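As numbered in the UniProt record's numbering, the sequence shown has no gaps in its residue numbers, which increase by one up to the final residue, 557.
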Amino acid sequence: MKCKTVWQISMKLVKVGATVYKELPAAKFYFLLPVNPDKKCCLRIVRYEIESPDAYYRTHIMKRAICKYISACFLFVCNGRAEETQHTFVSKETDSYGLSEGPFWDATTQNLYFVDIYNQYIRRLNYQTGLVTSAYIANGTVGVVAPVEGTSEQLVAGVGQDLVMVYWNGEQTQTDVPIEKLSSVDSGISTRINDGKIDSSGRFWLGTRGEDKNGDSIPNIGSLYIIDKNFMVEEKISPVTTSNGLIWNIEDDTFYYIDSPTRQIAAYDYKSCSGEISNRRIVFDFNAANIPGEPDGMTIDINGNLWVAVFGGGCVPVYIGSVKPLVNNYKFDNYFGEDGFGDFNFTQEIITKVDETKRAPVVLVDLVKKYPGEVTIVTLGPLTNIAVASALEPRFLCYTKQLIIMGSSVQSESDESLKLEFNFEQDPESNWITFNSTNKVHTLFPIDTVRSHPISKDEHKMIFNKLKASFAKFLYLAERVAFEKQEFWEPSDAMAMTIMLKPEIVKKSFETTLVPVLVGDARGAVIVDSNNTAHNARIIQDFDLIAFKNLISECLS
Numbered sequence: 001m002k003c004k005t006v007w008q009i010s011m012k013l014v015k016v017g018a019t020v021y022k023e024l025p026a027a028k029f030y031f032l033l034p035v036n037p038d039k040k041c042c043l044r045i046v047r048y049e050i051e052s053p054d055a056y057y058r059t060h061i062m063k064r065a066i067c068k069y070i071s072a073c074f075l076f077v078c079n080g081r082a083e084e085t086q087h088t089f090v091s092k093e094t095d096s097y098g099l100s101e102g103p104f105w106d107a108t109t110q111n112l113y114f115v116d117i118y119n120q121y122i123r124r125l126n127y128q129t130g131l132v133t134s135a136y137i138a139n140g141t142v143g144v145v146a147p148v149e150g151t152s153e154q155l156v157a158g159v160g161q162d163l164v165m166v167y168w169n170g171e172q173t174q175t176d177v178p179i180e181k182l183s184s185v186d187s188g189i190s191t192r193i194n195d196g197k198i199d200s201s202g203r204f205w206l207g208t209r210g211e212d213k214n215g216d217s218i219p220n221i222g223s224l225y226i227i228d229k230n231f232m233v234e235e236k237i238s239p240v241t242t243s244n245g246l247i248w249n250i251e252d253d254t255f256y257y258i259d260s261p262t263r264q265i266a267a268y269d270y271k272s273c274s275g276e277i278s279n280r281r282i283v284f285d286f287n288a289a290n291i292p293g294e295p296d297g298m299t300i301d302i303n304g305n306l307w308v309a310v311f312g313g314g315c316v317p318v319y320i321g322s323v324k325p326l327v328n329n330y331k332f333d334n335y336f337g338e339d340g341f342g343d344f345n346f347t348q349e350i351i352t353k354v355d356e357t358k359r360a361p362v363v364l365v366d367l368v369k370k371y372p373g374e375v376t377i378v379t380l381g382p383l384t385n386i387a388v389a390s391a392l393e394p395r396f397l398c399y400t401k402q403l404i405i406m407g408s409s410v411q412s413e414s415d416e417s418l419k420l421e422f423n424f425e426q427d428p429e430s431n432w433i434t435f436n437s438t439n440k441v442h443t444l445f446p447i448d449t450v451r452s453h454p455i456s457k458d459e460h461k462m463i464f465n466k467l468k469a470s471f472a473k474f475l476y477l478a479e480r481v482a483f484e485k486q487e488f489w490e491p492s493d494a495m496a497m498t499i500m501l502k503p504e505i506v507k508k509s510f511e512t513t514l515v516p517v518l519v520g521d522a523r524g525a526v527i528v529d530s531n532n533t534a535h536n537a538r539i540i541q542d543f544d545l546i547a548f549k550n551l552i553s554e555c556l557s
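What follows is the structure, encoded as structure tokens:
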């Protein structure tokens, strides 16, 4: 089974007459954020709150969006165009669970219901207390859940191939909750209910996914069904492979649907009175748009724009950077091994692909010009790409929010011998361009600061014992060659990244003027010009080492 990493959205709802509305003054978006990419991935619920310009907006019962592990990759489809969204803030709401999906926000009780598919749980988060209670469903995987209107003790859920009534008030965790089968789908074939939503007339739309005993997908044996108030089942779309995102437009006359492996979003004319769909057409094609991954969950906003999450699309793009410094060639010391990752030979397939459509300096220029004043760049190696980007766009660094540089050894003019640091020694001309092409002050995290905050090998062992085993093993093997050469653990790159993620951990810094050395034996070093008041660097001297170690444990445990 491939790990299905997801985010999902649920919105606060009110009902006026026969129409469901979203109450946005206190709207809460709930996301299920994966915390590891293993086969049995765990997810955490996080909340995103927004301010509303109006009181009420028409919507539907369940809203959903999906996103790949770690990097939040929302696809925003507007009139056939894909656009990136900005300024999404999330916060952790619960501990980790299994493959959690199908959230439903109950506005009356202020509870969030969601399913833990393969662990066979319905879970409920009490938003006021933060308490999560669970109901174990012994009959099979749980694909979707929704409360029954007018009662706080009944839920309708898709379990295995059945639509069932679950009798549970959610107040306490139970492992023997009574259920009642209401209807069934896909009898005699290997499928499970994967997702569903309730339309504006109260009909339950359920999709199935072909799945073998290992959880792997079986093509073209799933379907999309509609179940009415009398629990009669009608097949709407078949065959499908992985029935996923489904949603209706604001006017309730168009139905959008995703069968994930097709990599397409289909639209149908929709009659809300009967549930009839017709006139299928493709409104967005991931193949034509050259977007990686598969569309999965989907919702719609008040302007009629579809929000689609992409399984496998939340990747971190990798671009080819400069292959040599501005002068001469790079010198390699194999500090981290011949391959740069401890020479331990990867035993699993590496899925990251290099995007060869653009070089890294071009991408950097494009990004900072598209998001002026918003992009923070952290450099963990030579500054060649920064210098090339500055040559392409003289105001490149002016467009950035900040530049954080890991490297250099900072010394004063009175030092008798200037020390060289690997990153800065590689490309002195790029150092000079970076510190002299703008009047901005860049943040420098020098190797001196790393070495003044030693972490013993015993502490290293204690930290790694708290990490998830797969992460700890990978990191240990990747650092093995360098670790054996050191007296202490010196995670300089991780420390520099922490300065970006948690700037409040900086305890001491000062601004000064750095002058990169271009000639002589000290070529590649930098000196401090204390008489120059036109500062170009902020030197990090001290930071909270305990906070750094806690962050490592928090992110990777």
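Backbone N, C-alpha and C define an ideal beta-carbon position, used for all residues, glycine too.
Values in this document were obtained by computation on a predicted structure and should not be read as measured data.
Reference residue i, options the options, closest by Cα
{"i": "residue 421", "options": "445, 401, 550", "result": "445"}
{"i": "residue 131", "options": "246, 306, 172", "result": "172"}
{"i": "residue 150", "options": "126, 169, 135, 162", "result": "169"}
{"i": "residue 408", "options": "525, 370, 323", "result": "525"}
{"i": "residue 514", "options": "501, 310, 112, 536", "result": "536"}
{"i": "residue 295", "options": "389, 284, 553", "result": "284"}
{"i": "residue 117", "options": "139, 127, 106, 361", "result": "139"}
{"i": "residue 214", "options": "410, 190, 247, 163", "result": "190"}
{"i": "residue 223", "options": "248, 195, 232, 249", "result": "195"}
{"i": "residue 126", "options": "136, 119, 114", "result": "114"}
{"i": "residue 203", "options": "225, 212, 293", "result": "225"}
{"i": "residue 459", "options": "549, 447, 108", "result": "549"}
{"i": "residue 498", "options": "161, 365, 380", "result": "380"}
{"i": "residue 336", "options": "479, 491, 260", "result": "479"}
Distance between residue j and residue i (C-alpha atoms, nearest Å)
{"i": "residue 392", "j": "residue 278", "result": "52 Å"}
{"i": "residue 274", "j": "residue 301", "result": "24 Å"}
{"i": "residue 541", "j": "residue 291", "result": "43 Å"}
{"i": "residue 208", "j": "residue 216", "result": "13 Å"}
{"i": "residue 200", "j": "residue 272", "result": "7 Å"}
{"i": "residue 545", "j": "residue 453", "result": "7 Å"}
{"i": "residue 443", "j": "residue 405", "result": "6 Å"}
{"i": "residue 244", "j": "residue 297", "result": "6 Å"}
{"i": "residue 338", "j": "residue 489", "result": "20 Å"}
{"i": "residue 105", "j": "residue 152", "result": "13 Å"}
{"i": "residue 558", "j": "residue 433", "result": "This structure does not reach residue 558, given that the chain is present from 1 up to 557, and the question cannot be answered."}
{"i": "residue 512", "j": "residue 332", "result": "31 Å"}
{"i": "residue 227", "j": "residue 281", "result": "24 Å"}
{"i": "residue 35", "j": "residue 397", "result": "Only weak support is given to the placement of residue 35: the predicted model assigns it a pLDDT of 36, under 50, and the question is left unresolved by the model."}
{"i": "residue 383", "j": "residue 327", "result": "13 Å"}
{"i": "residue 436", "j": "residue 533", "result": "14 Å"}
{"i": "residue 471", "j": "residue 527", "result": "39 Å"}
{"i": "residue 323", "j": "residue 312", "result": "29 Å"}
{"i": "residue 410", "j": "residue 517", "result": "12 Å"}
{"i": "residue 253", "j": "residue 123", "result": "33 Å"}
{"i": "residue 559", "j": "residue 197", "result": "Given that the chain is displayed from residue 1 to residue 557, the structure contains no residue 559 and the question cannot be resolved."}
Residue i in three-state terms, based on DSSP
{"i": "residue 424", "result": "helix"}
{"i": "residue 142", "result": "strand"}
{"i": "residue 118", "result": "coil"}
{"i": "residue 432", "result": "helix"}
{"i": "residue 33", "result": "Any answer about residue 33 is weak, because its pLDDT of 37 lies below 50 and its placement is not dependable; what the coordinates show is given next. Strand at residue 33."}
{"i": "residue 216", "result": "coil"}
{"i": "residue 546", "result": "helix"}
{"i": "residue 93", "result": "coil"}
{"i": "residue 566", "result": "Beyond the ends of the chain as shown, which are 1 and 557, falls residue 566; an answer cannot be given."}
{"i": "residue 590", "result": "Residue 590 lies beyond the residue range present for the chain, which begins at 1 and ends at 557; the question has no answer from this structure."}
{"i": "residue 151", "result": "coil"}
{"i": "residue 460", "result": "helix"}
{"i": "residue 365", "result": "helix"}
{"i": "residue 221", "result": "coil"}
{"i": "residue 107", "result": "coil"}
{"i": "residue 27", "result": "With a pLDDT of 35 at residue 27, under the threshold of 50, the modelled position of that residue is not reliable, and the figure given next carries that caveat. Here residue 27 sits in coil by DSSP."}
{"i": "residue 530", "result": "coil"}
{"i": "residue 555", "result": "helix"}
{"i": "residue 480", "result": "helix"}
{"i": "residue 388", "result": "helix"}
{"i": "residue 504", "result": "helix"}
{"i": "residue 399", "result": "helix"}
{"i": "residue 241", "result": "coil"}
Identity of the residues DSSP links to residue i by a beta bridge
{"i": "residue 300", "result": "306"}
{"i": "residue 489", "result": "455"}
{"i": "residue 442", "result": "537"}
{"i": "residue 169", "result": "BP columns for residue 169 are empty, so no partner."}
Item to check | Length-filtered (3 minimum) beta strand (DSSP E) runs lying within the stretch 181-205 | outcome: The beta strand (DSSP E) runs lying completely inside the stretch 181-205 and spanning 3 residues or more are 191-198, given in chain order.
Checklist entry - What runs of the alpha helix (DSSP H), each 4 residues or longer, lie entirely inside the stretch 246-334? => result Fully enclosed alpha helix (DSSP H) runs of 4 or longer: 286-289.
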